[in-house]
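Start counting the sequence shown at 1366; every next residue gets the next number (the working numbering).
The structure appears right after this line, and notes come after that.
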Amino acid sequence: MAGPLPIVVFVLVFTSVAQVSDAAEFHWDWHKWQELSWKQSISRRDLPSAQKSKLIDTIVLQIRDWQVDVPDKELRDVAAETRIAFVNLSGHGRNEVIAQGGGEKSSCSPTGNCPFWVLRRERDGYHIILSASSKQTLHDSAD
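Given below as structure tokens:
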């Protein structure tokens, strides 16, 4: 499945940059790639319930924009299926959260292209530091 490939590449680039000691020298260690699995969804992770709730709250705020007619309970269920990984991107000793929407209800296409976020934990909860989505389009080249 080609869908998760852009996310995998993105995570690898971020983790490789965090490990580089000299900014002028970049080395991507492709041996350390990871793919987010449904087993890593917020609902399935072994996390304290308060932390799960804060993560879900943050994702709900992001997906509510495209799902305005969906009840809050259903939005929370969709957000709970978001796949997450904890990665120290900045080297400061605290992990950021790599989050990828899971399933068609979170606006993933059949080939992937799921919403993608990087979150930072603050005292008042999680904050989005990167929000991305991918769209594939076809253009008629008969111009």
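Every residue, glycine too, gets a C-beta built ideally from N, C-alpha and C.
Exercise for the section: Just the C-alpha distance for SER1474 and SER1455, rounded to the nearest angstrom, thanks. Expected result: Going by the C-alpha atoms only, they are around 31 Å apart.
Handout entry: Rounded distance between the beta-carbons of GLU1446 and GLY1467, thought under 8 Å
Key = GLY1467 to GLU1446, Cβ: 4 Å. Contact.
Exercise for the section: Could you work out which residue in ASN1460, SER1472, SER1471, LYS1470 is closest to VAL1485 when comparing CA atoms only? Expected result: The question names Val, but residue 1485 is Arg in the sequence shown. Cα-wise, what sits closest to ARG1485 is ASN1460.
Problem - Spatial neighbours of VAL1425 in its chain, beta-carbon cut-off 7 Å, leaving aside the 5 residues before and after - result: Correct list, in chain order: LEU1440, ARG1441, ALA1444.
Practice task
With a threshold of 16 other CB atoms inside 10 Å of the CB of ILE1449, please say whether the residue is buried or exposed.
Solution key: Answer is buried; the Cβ neighbour count reaches 16.
Problem - For ILE1463 and HIS1396, the rounded distance between their alpha carbons - result: The alpha-carbon separation between HIS1396 and ILE1463 amounts to approximately 19 Å.
Handout entry: Three-way DSSP call (helix, strand, coil) for ILE1407 in this model
Key = In the structure shown, ILE1407 adopts coil according to DSSP, grouped into three states.
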